[in-house]
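Numbering (our numbering), first residue to last: 1 to 299. All residues carry an ideal CB built from backbone N, CA and C; glycine is no exception. A quick write-up on the structure given underneath.
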Amino acid sequence: MAGHHPHHHHDHDRGGTHLDWEVLGPLLESHAEISTPLLEQAIGWLRGLTAPGAGTVGEVWDVGSGPGVAACLFAQALPAARVLAVDGEDALLRRTRERAARTGVADRLGTLRADLPDGLPAGQADLIWTSRTLHHVGDQRGAVATLAERLRPAGLLAVVEGGLPARRLPRDIGIGRPGLEARLDAATEDWFSRMRAEVPGAKETVEDWPALLAAAGLEQVRSRTFLLDLPAPLDVSVRSYLRAELTRTREGLQDVLDAEDLATLDRLIDPDDEAGVLRRPDVFLLSAQTVHTGVRPAA
Ligand SMILES: C[S@@+](CC[C@H](N)C(=O)[O-])C[C@H]1O[C@@H](n2cnc3c(N)ncnc32)[C@H](O)[C@@H]1O
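So this is what it looks like as structure tokens:
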């Protein structure tokens, strides 16, 4: 993350696009923990794609591993594999090592602090997983090409990008103007475009991930989408996560949302309000994430 290291950024970034990954750590970690059923399905699918003869996955890299939830799940699902979690943020790598120790995979899971894409080590991975990270890199096309080069022949690249924005509430929640989440999505898309434009070295790229994988020389390119479907009533951990996420959304979008929607969000994140997401009965979590895969040609 050269050029915009979080610790050099002391302004209150109201409505801005700067992301402090260390501060976001707990949110990333609960998002990934809640997404475990989705991640396990995706990992099961990848295992089928990589190992026609089972147990052949020797080296797995999780690039942009965040707090390491997926990296630990890979280590658990592939007992013969060594997993390398790569991220730019030391604090998140520390969380990863703590999780690896808790989940009993510390002997097969290493961590590496590196800035993407230039800091990636040489070496040949059997499987590279990179989830919701390439969109933070200026040259997304170049980053896909770099990852493809790090695969051994017949190795598999899996890029998690896109899917569907999450739904958490009915269209009409009895307060405010119906359709709040669709308006949050629209405002978030504009925020995302500003964020992309402000990434150092940002290059405009058509975000056609299968085409980017093919352009990097990968074959058997395919995409599959996995669903996270947690119906109401939600348990307290998912509710707390949703409250934290809505709080962050409100902060990021406070300059663009209208007063009525901000007032609705204030009630939704109020822990004492019966209409808040900690207490209302109708809150759920439905989301979808797409995994794009390609195989490096065998020589
Ligand atoms: C949105 S999080 C995704 C975490 C996890 N893979 C997931 O899907 O939940 C993006 C991660 O990429 C890392 N990251 C972003 N830009 C990076 C860069 N240029 N170099 C290294 N790591 C970077 C951040 O530290 C963060 O952990």
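Would you say the beta carbon of residue i is closer than 7 Å to some non-hydrogen atom of ligand 1?
| i | result |
| --- | --- |
| Ala114 | yes |
| Ala70 | yes |
| Gly48 | no |
| His31 | yes |
| Asp87 | yes |
| Ser131 | yes |
| Trp21 | yes |
| Gly162 | no |
| Ser65 | yes |
| Leu92 | yes |
| His18 | no |
| Val159 | no |
| Val137 | yes |
| Leu28 | yes |
Do residue i and residue j have their C-beta atoms closer together than 8 Å?
| i | j | result |
| --- | --- | --- |
| Leu84 | Pro67 | no |
| Ala158 | Leu109 | no |
| Leu286 | Asp208 | no |
| Ala232 | Phe284 | yes |
| Gly64 | Asp87 | yes |
| Asp62 | Trp21 | no |
| Gln289 | Phe226 | yes |
| Val57 | Ala81 | yes |
| Leu73 | Thr36 | yes |
| Asp261 | Leu180 | yes |
To the nearest whole angstrom, what separates the beta carbons of residue i and residue j, a pair I think is in contact under 8 Å?
| i | j | result |
| --- | --- | --- |
| Ala202 | Gly138 | 5 Å |
| Glu189 | Val295 | Actually they do not touch by this definition, with Cβ atoms about 32 Å apart. |
| Val69 | Arg47 | No, Val69 and Arg47 are not in contact; Cβ-Cβ is about 17 Å, not under 8 Å. |
| Thr293 | Leu49 | 6 Å |
| Val60 | Leu120 | Not a contact, Cβ separation roughly 14 Å. |
| Leu184 | Asp282 | Incorrect: roughly 17 Å between the Cβ atoms, too far for contact. |
| Leu246 | Val221 | Contact flag wrong, Cβ pair sits at about 36 Å. |
| His76 | Thr103 | In the sequence on display, residue 76 carries Gln and not His. Sure, about 7 Å apart at Cβ, within 8 Å. |
| Val160 | Val291 | 5 Å |
| Pro297 | Pro117 | Rounded, the Cβ-Cβ distance is 21 Å, inconsistent with contact. |
| Trp45 | Arg224 | 6 Å |
Mind checking who residue i pairs with in its DSSP beta bridge?
| i | result |
| --- | --- |
| Asp255 | Looking at the DSSP assignment, Asp255 forms no beta bridge with any residue, so it has no partner. |
| Gly66 | DSSP output for Gly66 lists no bridge partner at all. |
| Asp87 | Arg113 |
| Asp229 | Leu286 |
| Val291 | Val160, Arg224 |
| Glu40 | DSSP output for Glu40 lists no bridge partner at all. |
| Asp151 | The displayed chain sequence assigns Leu, not Asp, to residue 151. DSSP, once it has assigned bridges, lists Ala125 as partnering Leu151. |
Kindly say whether residue i, judged by its beta-carbon, lies nearer than 8 Å to any beta-carbon of chain C.
| i | result |
| --- | --- |
| Arg108 | Among the chains in the structure shown there is no chain C, since it carries only a single protein chain. |
Under 8 Å: do the region 165-179 and the region 140-148 share three or more Cβ pairs, one atom per stretch? no
Three or more C-beta pairs below 8 Å linking the region 250-257 and the region 120-138: no
Inspect the CB distances between the region 268-277 and the region 182-200 and report whether three or more fall short of 8 Å. no
Between the region 28-45 and the region 239-252, do at least 3 Cβ pairs fall closer than 8 Å? yes
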